[in-house]
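Per the numbering used here: the sequence shown = residues 135 to 305.
Don't be surprised by glycine CBs; every beta carbon is placed ideally from N, CA and C.
The structure under discussion appears below in the form of structure tokens.
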Amino acid sequence: MIYRDISNESNRYGVLGWSGYGDPSVWPASAHGMTSGAAELLSRLDKAVDGEYNALRTYGALVNMTRDENFKDILESIRYDESTHFQRLSHIYATLSRGLRPSLTDRPLPKSFETGIEDSIQDELNDSKFYQETSPYAPDARISQVLMYASHDEGRHSVWFTYIWNKLLHH
135 MIYRDISNES NRYGVLGWSG YGDPSVWPAS AHGMTSGAAE LLSRLDKAVD GEYNALRTYG
195 ALVNMTRDEN FKDILESIRY DESTHFQRLS HIYATLSRGL RPSLTDRPLP KSFETGIEDS
255 IQDELNDSKF YQETSPYAPD ARISQVLMYA SHDEGRHSVW FTYIWNKLLH H
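Put into structure tokens, the structure is as follows:
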């Protein structure tokens, strides 16, 4: 059998080195602890789960602040999506972290319906971008897809909040 020197050859994981398996620092997290990309993903998922948790709390408070049934229906629909994101992202976080729970904080709730709606427009737009920027850290297509669906939902939610905001301005 003829052996060739592969110490300077590379593949998609970088220089193969003496082992032929590439640089261990870029192996999947399941291979040996956690890569910097996996650590970044967990950090971002922790932030995302906390954001979804607080969105659920905020939108629940907004439902209780309005008497407009159309607004309530819209907010409940958004809360349903946020609940789905919370559950899916929590599951992904727990799976990737081997059972850890994300840190949840109780952010202040809005003082008024108008302020809550206005803040929610910006929050949803920021969240949509955040999920798009987080997607490349996903170790597989399924997780990336969950993040991209969440991004699309957040963008759609910002449109609904803008609709409510415009209705409030024109009443």
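Reduced DSSP secondary structure (H/G/I, E/B, other) of residue i
i: Pro270; result: helix
i: Leu302; result: helix
i: Val160; result: At Val160, the pLDDT of 47 sits below 50, so the modelled position is not reliable; the number obtained from the coordinates is stated separately. Reduced to three states, the DSSP call for Val160 is helix.
i: Asp240; result: coil
i: Tyr155; result: With a pLDDT of 39 at Tyr155, under the threshold of 50, the predicted position of this residue should be treated as unreliable, though the coordinate-derived value follows. Note: Tyr155 maps to coil in three-state DSSP.
i: Met135; result: Residue confidence is low: Met135 scores 39 on pLDDT, short of 50, so the model does not pin down where it sits. Its coordinate-derived value is still stated next. Here Met135 sits in coil by DSSP.
i: Thr169; result: coil
i: Thr296; result: helix
i: Ser246; result: coil
i: Thr218; result: helix
i: Thr200; result: coil
Endpoints, the alpha helix (DSSP H) within which residue i is located
i: Gly307; result: Any answer about residue 307 is impossible in this case: the structure gives the chain only from 135 up to 305.
Beta-carbon separation (whole angstroms), residue i vs residue j, contact threshold 8 Å
i: Leu196; j: Gly250; result: 5 Å
i: Thr268; j: Ala173; result: With 8 Å as the limit, Thr268 and Ala173 do not qualify as a contact, their Cβ atoms being about 13 Å apart.
i: Ser367; j: Glu258; result: For the chain, the structure presents residues 135 to 305; residue 367 sits outside this window and is missing.
i: Asp94; j: Pro236; result: Because the chain spans 135 through 305 in this model, residue 94 falls outside it and cannot be assessed.
Any chain D beta carbon closer than 9 Å to residue i
i: Phe205; result: As a matter of chain content, chain D is missing from the structure shown, which is built from one protein chain.
With three or more C-beta pairs closer than 8 Å as the rule, is the region 255 to 263 touching the region 285 to 295?
yes
Is the region 240 to 255 touching the region 174 to 194 in the sense that three or more CB pairs, one from each, lie closer than 8 Å?
yes
Closer than 8 Å is the cut-off here; do at least three beta carbon pairs connect the region 177 to 187 with the region 209 to 229?
yes
Counting beta carbon pairs with one atom in the region 275 to 282 and one in the region 207 to 216, are three or more of them shorter than 8 Å?
no
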